[in-house]
Amino acid sequence: MKQFIHILPKVELHLHIEGTLEPELMFELATRNNIAIPFDTFEQVRDAYNFHNLQSFLDIYFQGANVLVKEQDFFDLTWAYLLRCQADNVVHTEVFFDPQAHTERGISFDTVVNGIDRALKQGISELGITSRLIMCFLRHLDQDSAIATLTLALAHKDKIVAVGLDSTEIGHPAAKFETVFKQAIAEGFLTVAHAGVEGPASNIIAALALLKITRIDHGVSCSQDPVL
Numbered sequence: 305m306k307q308f309i310h311i312l313p314k315v316e317l318h319l320h321i322e323g324t325l326e327p328e329l330m331f332e333l334a335t336r337n338n339i340a341i342p343f344d345t346f347e348q349v350r351d352a353y354n355f356h357n358l359q360s361f362l363d364i365y366f367q368g369a370n371v372l373v374k375e376q377d378f379f380d381l382t383w384a385y386l387l388r389c390q391a392d393n394v395v396h397t398e399v400f401f402d403p404q405a406h407t408e409r410g411i412s413f414d415t416v417v418n419g420i421d422r423a424l425k426q427g428i429s430e431l432g433i434t435s436r437l438i439m440c441f442l443r444h445l446d447q448d449s450a451i452a453t454l455t456l457a458l459a460h461k462d463k464i465v466a467v468g469l470d471s472t473e474i475g476h477p478a479a480k481f482e483t484v485f486k487q488a489i490a491e492g493f494l495t496v497a498h499a500g501v502e503g504p505a506s507n508i509i510a511a512l513a514l515l516k517i518t519r520i521d522h523g524v525s526c527s528q529d530p531v532l
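Okay, so the sequence shown: first residue is 305 according to the working numbering, each after it adds one.
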């Protein structure tokens, strides 16, 4: 059965590229960019990924992202993921990225998206893996930051097909981002959003009603509402 599953062609519809950073590459990029990291061994990094809730996952997720500085770093991150896709016979992947996690650190939007996009294009030509790139707004930041990020994305419509919403759900309702999603739709982007990850089913309903999204990511709490 394991071999049968392995050879099946697969599609990955939910993947955060920053979250694919392996310990070995984290150390390599930290050395390349002279970035201090709070780990001494690969095993310590792997242990840190034994998270117990969303916030503990986000803490290590953003900590790892700090080693991504240059366009080549984002290429290397994405290419390493695509090689794993090839090994698992993943033939299509839809990739989230969090530009604000990098622009907030002084990394240019162009650096982030061009590195990722270059790897995705190489994935098509060399590996035969098709892909779509989804830009997420970080919901723990304000809507003004999201709008500024959307503005930067307009020059990259040829690379980014959709916008989404991720990060800390509790305390950051969908209504906070209604304007930026309306603008994104007007600009022709598809829209998705994380909802019902750790929040109630009402968060899913709000995302659908207020943000006019076409796909819910996670949606775990939908089981709380029989109608939903």
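From the three backbone atoms N, C-alpha and C, an ideal C-beta is built for every residue, glycine too.
The structure displayed is predicted, hence computed values, not measured ones.
| Query | Result |
| --- | --- |
| Any chance you could list the alpha helix (DSSP H) runs of at least 4 consecutive residues sitting entirely within the stretch 376 to 445, in chain order? | 404 to 407 and 413 to 426 |
| HIS406: buried (16+ other C-beta within 10 angstroms of its C-beta) or exposed? | buried |
| Go ahead and pull the three-state DSSP assignment for LEU456. | helix |
| Let me make sure I understand the geometry here. Which of ASP377, ASP421 and LEU442 has the alpha-carbon closest to that of GLU245? | Only positions 305 to 532 of the chain appear in this structure, which leaves residue 245 out of reach. |
| Work out the CA separation of ILE321 and SER527 for me, nearest whole Å. | 28 Å |
| What are the uninterrupted segments assigned as alpha helix (DSSP H) that are 4 or more residues long and contained completely in the stretch 324 to 373, given in chain order? | 327 to 336, 346 to 352 and 358 to 369 |
| Between the beta-carbon of ASN393 and the beta-carbon of LYS486, is there less than 9 Å? | no |
| Closest by CA to CYS389, which one among GLU375, ALA369, ASN354 and ILE428? | ILE428 |
| For VAL496, is the classification buried or exposed, using 16 other Cβ atoms within 10 angstroms of its Cβ as the cut-off for buried? | buried |
| Okay, do the stretch 330 to 337 and the stretch 370 to 386 touch, 3+ Cβ pairs below 8 Å being the bar? | yes |
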